[in-house]
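What follows is a short report on a single structure.
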Amino acid sequence: MKQTQNDTHPLESLLQQYCPNGVEFKEFRELLQYEWPTKHIVKDTSYCDEYEMPV
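Counting from 1, position 25 in the sequence shown corresponds to residue 51 in the working numbering; the numbering is continuous, with no gaps.
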């Protein structure tokens with residue numbers, strides 16, 4: 027985002043307008059459920075083409 031003429035970042039202006047008392051800090055892990063893809067990584071690429079989806 028680009029700075030406004032009064033040198034206030036647009037996000038800062040929105041926070042001041044809609045959250046005058048500030049915002050609560052939360053870590054991403056409190057808001058999202060994320061699973062590392064390690065257990066889904068394919069180890070063998072010799073697929074069987076007998077089916078619609080290679081397995």
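Ideal placement from N, C-alpha and C gives every residue a C-beta, glycine not left out. Please read these numbers as outputs of a predicted model, since none were measured by experiment.
| Secondary structure of residue 72, DSSP reduced to three states | The answer is coil: DSSP assigns residue 72 none of H, G, I, E or B.
| So residue 41 and residue 49 are in contact, right, with Cβ under 8 Å, and what is the actual spacing, rounded? | Indeed, because the Cβ distance is near 7 Å, the residues count as touching under 8 Å.
| message | Measuring only the C-alpha atoms, how far is residue 34 from residue 44? | response | Between the C-alpha atoms of residue 34 and residue 44 there is a straight-line separation of about 15 Å.
| said: I need the boundaries of the alpha helix (DSSP H) containing residue 54, first residue and last residue. | reply: Per DSSP, the continuous alpha helix (DSSP H) segment holding residue 54 begins and ends at 54 to 57.
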